[in-house]
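Participant: Letter by letter, the sequence shown follows residues -20 to -1, 1 to 168 in mature numbering (1 follows the signal peptide of the UniProt record, and there is no 0). A single structure is presented below for examination.
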Amino acid sequence: MRSLILAALLLGTAACSEQAAAPPEPSAEETIAKAEQQAERREEAVQNSEGLSDAQEFIDEIAVDGTVEIGMAKIAAEQASRDEVKAFAEQAITFNQSLLQDLSAAAGAAGALQVNTVLSDQDERNFAQLRGARSIDDMYLERTRERYEDMAEDLSEYAAEGEVAALKEWAAKAVPMLQDHRDELAAL
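As structure tokens, this is what we get:
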């Protein structure tokens, strides 16, 4: 009997030491809580710095504009009636995806900034309106011209007056690329 009790104690001790050797995996709730805390710290850092706050606002505007452009271009690439509009739309998808990737890299280099591409309800309604238009070609071209004007203004302004060096440098490089793309659009 004594030997059975000793064996049980030894097995229990061995099991406890094995469990102590491997730290437990965090639960899903703990992982989510940690991610939320990190996001809150980043937001606080951005809010506590006027330059970072302006930079985040700039990033948000450009990211949404680029995302909307990609969405509109996808619709035009599928539904436009003129081949040159479809070809431009395909280029616009590639251009804006590249623009967003470069923006994400610049935001990462700047530190606490993030690229957010949450679209408004109005943007979603505009997609639906474009999908249902009789002349997608003209509507797409007109809306793209307007959005590119806004993007060019935002990029030029940040390149000249921005406070975050990595974003300022990125914006200065993006301005001529956008201008080239706008020139192609003007030819349509």
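For every residue, glycine included, the Cβ atom is placed at its ideal position computed from N, Cα and C.
Taking only three categories from DSSP, how would you classify residue 104?
Facilitator: Helix, per DSSP.
Participant: For residue 154, which residues of its own chain have a beta-carbon under 6 Å away from its beta-carbon, when the five flanking residues on both sides are left out?
Facilitator: Same-chain partners within the cutoff: 135.
Participant: Name the two residues that bound the continuous alpha helix (DSSP H) containing residue 64.
Facilitator: Its alpha helix (DSSP H) spans residues 63 to 90.
Participant: At 3 residues or longer, and completely inside the region 98 to 162: list those beta strand (DSSP E) runs for me, N to C.
Facilitator: The region 98 to 162 contains no whole beta strand (DSSP E) run of 3 or more residues.
Participant: Taking the C-alpha atoms as reference points, what is the distance between residue 103 and residue 42?
Facilitator: Going from the Cα of residue 103 to the Cα of residue 42 covers about 14 Å.
Participant: With distances taken from CA atoms, which of 160, 78 and 34 is nearest residue 129?
Facilitator: Checked all of 160, 78 and 34; the closest Cα to residue 129 is 160.
Participant: Quick check on this structure: which residue in 91, 4, 106 and 54 has the alpha carbon closest to the alpha carbon of residue 68?
Facilitator: Here the closest residue by C-alpha is 54.
Participant: From residue 91 to residue 132, what does the alpha carbon distance come to, in whole angstroms?
Facilitator: Distance between the alpha carbons of residue 91 and residue 132 is about 24 Å.
Participant: Measuring alpha carbon to alpha carbon, tell me which of 87, 77 and 142 ends up nearest residue 45.
Facilitator: It is 77.
Participant: Does the region 140 to 151 come into contact with the region 94 to 113, if we say contact requires no fewer than three beta-carbon pairs (one atom in each stretch) closer than 8 Å?
Facilitator: Too few Cβ pairs lie closer than 8 Å, so no.
Participant: Could you check how far apart the C-beta atoms of residue 39 and residue 93 are, in whole angstroms? I think they sit under 8 Å.
Facilitator: The pair is a contact, with the Cβ atoms about 6 Å apart (cut-off 8 Å).
Participant: Taking just the CA atoms, how far does residue 47 sit from residue 145?
Facilitator: Using only the alpha carbons, I get a separation of about 24 Å.
Participant: Report yes if the CB atom of residue 65 is closer than 8 Å to the CB atom of residue 80, and no otherwise.
Facilitator: Contact: no.
Participant: Using the Cα positions of residue 56 and residue 117, report the straight-line distance between them to the nearest angstrom.
Facilitator: Going from the Cα of residue 56 to the Cα of residue 117 covers about 7 Å.
Participant: Go through its chain and collect everything with a Cβ distance to residue 106's Cβ below 8 Å, but skip five positions before and after it.
Facilitator: So the list reads 48, 52 and 123, once near-sequence residues are dropped.
Participant: Which same chain residues, not among the five before or five after residue 113, have their C-beta less than 6 Å away from its C-beta?
Facilitator: For residue 113, where only same-chain residues beyond five positions count, the Cβ hits under 6 Å are 119.
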